[in-house]
Every structure is written in structure tokens, then in C-alpha cells.
Amino acid sequence: KILLQNLDAELAGEISKKIKEAEEEIKLTADEKAKEILADAMRHGVTDYISEFTTSKVKLPDEEMKGRIIGKEGRNVRTFEQVTGVDVVMDDEITDTLILSSFDPVRREIAKVSLERLMEDGRIQPQRIEEIVAKTQEDINKLMRAAGEKLCHDVGVYNLPVELIDIVGRFKYRYSYGQNLILHTQEETQIGIALAKEIGADANVVRLGCLLHDIGKVVTEGDEGTHVEKGVQLVKKFGLPEKIINCIAEHHEDQPFSSVESILVYIADAISGARPGARHENVEDYIKRMDDIEKIATSFEGVEKAFAVQAGREVRVIVIPEKILDEELPKLVHDIAERISAEVMVPGAVKITAIRETRYSESTMTS
2 KILLQNLDAE LAGEISKKIK EAEEEIKLTA DEKAKEILAD AMRHGVTDYI
52 SEFTTSKVKL PDEEMKGRII GKEGRNVRTF EQVTGVDVVM DDEITDTLIL
102 SSFDPVRREI AKVSLERLME DGRIQPQRIE EIVAKTQEDI NKLMRAAGEK
152 LCHDVGVYNL PVELIDIVGR FKYRYSYGQN LILHTQEETQ IGIALAKEIG
202 ADANVVRLGC LLHDIGKVVT EGDEGTHVEK GVQLVKKFGL PEKIINCIAE
252 HHEDQPFSSV ESILVYIADA ISGARPGARH ENVEDYIKRM DDIEKIATSF
302 EGVEKAFAVQ AGREVRVIVI PEKILDEELP KLVHDIAERI SAEVMVPGAV
352 KITAIRETRY SESTMTS
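The numbering used here applies: residue 2 is where the sequence shown begins, and numbers increase by one.
If you want it as C-alpha cells, here you go:
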């Protein structure tokens, strides 16, 4: 009996030792397997990035063209800046180039294409500037739709509503921490799908979750909420499944993960964003500051549009003439400046320029 007890004790000790060794082996193997899965997923998602900043350059055919763009007493360039919302920078040392500055890449692209078209057209005067910019806006919208369709096709999503595809297309000109959103979304989606297939998760949920995770960054309607909150509100409006909504809501850990697919969207986003050289945080901070300034200005009654230029040191405010009288402009400008100073950290003083324009038109009688 004593012999059996000793044998049982020895066996129990040996079993415990074997279990511990097995656990260590499983843990080591699991760690190695996890590394293999992540490395393979990252290989699937490798993409080349070109970091974008806040200026675009336009080559001039000759120095005379610069004078024509400026116009008599600066009339042309003022009209151009007003309708595009960009700042035209002229460097005397670089006579053959104009620099267009704006935190908003869509505005900058519209301005760049418009200026190139104006130079080709040759009729550079205020009315023609407005016509060319309006036409360019339409063309850029078409380009963004095509970009949205291509991105959806590239990641294997084919059943989104057209209105949502249009919003996805805005990724073409949007950058987050220096990463172009189309390239970031492509990379993240490839990584997410690879991870999902490796562990047996629902690849289609991960696919759509990765595609739409940053959709709130390009939502222009409404001013309230983070990009996560805006994204959730948008996809709910389109009636997308709850699992997709949760992937968007949880991809910054704003709330607990509700599914393995949601975790994979978060991991894929982190892998893509954390890759060395992928992001520049100061660019995103700058864009947010400029966006905040414009939102403050447009929150005032009677303000139709606002454009923050010169790194936020100047704000051009376009008012509705029927709602704001000339004598009311000084108080409006003062109030906007006070709000911006109180709510946004801007280096130096902020100049607020209010523009109130009244136009009259009359048609001739036909005989």
C-alpha cells in the first residue's frame, strides 16, 4: 500500500511536470504561430506610400502669366482665393511657379486643376474664374466616384449604395497622419482578410469593416462628434449590419470589442498605421486645427462659408448679404476672433476677413 502511494505521488509529480512542459511548449508554439500569421498578413498588405502635406505647385509658362493671374489691383487672384478657399502664395525667387496652400486636399486639387485650365483657356477674369472652378468641382466629384468604385472593387466589395461609394471616393484626396486613406484602407483590408482567413473568422465582415472603418473622416455633413461617431452614424443611416457598425465603433477601443472580427479590424488598422514611415502625426493635428477654425466661423448665423488659410492665421468668412448688413460685420468679425482665440491654439494673431458681396443682374428685353 505504501509502495502504491509512493508510486502515485511519483506519477502525479511526473504528470504535473509533463503538463507544465506541454503548456510551455504550447505557449511557445502559439507565440511563434501568431508571429507567422501577423508577418504573413503584413506581407499581404505591403503598399507604397507617398506622404502628402498642405501645398500644391503649379508651373507657369512665363512670368507674364503670373501678372495675368493676379489681375488689375489683385482682382483675379482675390476672386480665385475666394471661390476656391485656398491661399495663393507667390515667391519672388521662384518666378515660374505658384504655390497653392490649403489644409483641405480636395479644395487644393480643385484649385490646381482650375488654375491649369484657366491658363490654357486664356480668359482670366473673375466671371470666367467662377465658371472654371464650378466645372472643375463637378469633374473632381466624378473622379472621386470613380475612385470609390475602384477601391470597393479592389477589396472585393460590390454591393454598397452609390451614395456610400461617393463618400468612400473622398478617400482619394484625404490623408490621415500623412497616409493617403485609399492606400491605408487597401493595406488594412488586405491584412484584415489575411488574418481572418488564418484564424477562421468571417472574412466578409472584416473586409467591410476595414473598408469603412475611417469613413467618418470624410463625412462633411454635421460638425459634432469624432470620426468614429460620425462613421457609426453614417453606416446606420445606410442600414448596414450590426457587426459592421461595431467594427467601426470599436476600431479605436472606444468601447469593448464585441466580436473577433472587430478585434481583427483593430489589429489590421494598428499594423498599417504603425509601420515605420507610414504616418506623420503633426499633419493630422494641423488639419484638425484648421477644420475646427472653419467650424467655429460657420457656426455663426449668416455665415455661408469660411476658409482657414495661412496655417490658421487668417480666416476668410463669406456672409449671406440678406442676413448680415455691412454695419454688422465688425461685431461678427470680433465675435469669431474671440471664439477662435478661446477654443483653438493658433500661433500668433488671427486675422478675420469678412466678405459681403451683393450682385445685381438684369436681362435685356427680347424683341
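The beta-carbon is built from N, C-alpha and C at its ideal position, and this holds for glycine as well.
Endpoints, beta strand (DSSP E) assigned at residue i
i	result
S57	56-60
V89	88-91
T98	98-102
V304	304-310
I319	315-320
Spatial distance of residue i from residue j (CA atoms)
i	j	result
M43	N205	Per-residue confidence for M43 stands at a pLDDT of 47, beneath the threshold of 50, marking its modelled position as unreliable; the derived number appears in the next sentence. Between M43 and N205, the C-alpha separation is close to 19 angstroms.
G157	S102	36 angstroms
Q126	F172	32 angstroms
H252	G240	19 angstroms
G149	E329	43 angstroms
T354	V318	6 angstroms
E110	E339	31 angstroms
N160	V236	14 angstroms
I70	G123	10 angstroms
V78	D92	14 angstroms
H154	V163	13 angstroms
D292	G313	9 angstroms
F258	Q187	23 angstroms
S342	G217	27 angstroms
V334	T55	26 angstroms
T190	L212	6 angstroms
E94	M120	21 angstroms
Q311	G170	27 angstroms
P242	I200	22 angstroms
E64	K143	33 angstroms
L152	L184	9 angstroms
A147	G72	36 angstroms
T80	Q138	16 angstroms
P62	I264	53 angstroms
R175	Q128	29 angstroms
Under 8 angstroms between C-beta atoms of residue i and residue j
i	j	result
R108	T85	yes
I325	R357	yes
V219	I166	no
D336	F301	yes
L196	I268	yes
K113	S57	yes
E382	G303	Only positions 2 to 368 of the chain appear in the structure, and residue 382 is not among them; the question remains open.
H214	D140	no
E344	I321	no
A250	V233	yes
I245	F104	no
K352	E315	yes
Given residue i as reference, the closest of the options once Cα atoms are compared
i	options	result
A309	G240, E295, L326, I319	E295
R208	V220, E74, C248, I200	C248
M133	N142, G149, L116	The sequence given here places Ile at residue 133; Met does not occur at that position. I133 has its Cα closest to that of L116, out of N142, G149, L116.
H228	K67, I297, L99, D255	D255
I1	K352, S177, E82	For the chain, the structure presents residues 2 to 368; residue 1 sits outside this window and is missing.
K60	R175, K151, L99, P242	L99
Assigned exposure category for residue i - 16 Cβ within 10 Å defines buried
i	result
M145	buried
A369	Residue 369 lies beyond the range of the chain shown here (2 to 368); nothing can be said about it.
D97	exposed
S177	buried
K231	buried
I272	buried
R372	Past the edges of the chain, shown from 2 to 368, lies residue 372, and the structure says nothing about it.
Q180	buried
P106	buried
A371	Residue 371 is absent from the structure shown; the chain starts at 2 and stops at 368.
I194	buried
V88	Checking the displayed sequence, the identity of residue 88 turns out to be Asp instead of Val. Buried, since its Cβ has 16 or more Cβ neighbours within 10 Å.
I192	buried
A202	buried
R280	Only weak support exists for where R280 lies, its pLDDT of 48 falling under 50; the value from the coordinates is given anyway. With 16 or more other Cβ atoms within 10 Å, it is buried.
A40	With a pLDDT of only 48 at A40, under 50, the local geometry of the prediction cannot be trusted, and the value read off the model is given with reservation. It counts as exposed.
First through last residue of the alpha helix (DSSP H) which encompasses residue i
i	result
T186	182-200
V84	76-85
E339	330-344
R208	204-213
T137	127-156
E358	Per DSSP, E358 belongs to no alpha helix (DSSP H) and is neither H nor E.
K113	106-122
V163	163-170
G232	228-238
R69	64-71
K324	Looking at the DSSP string, K324 is not in any alpha helix (DSSP H), and its letter there is neither H nor E.
N247	243-251
CB contact check: residue i to chain B, cutoff 8 angstroms
i	result
A307	Within the model displayed, chain B is absent; a lone protein chain is all it includes.
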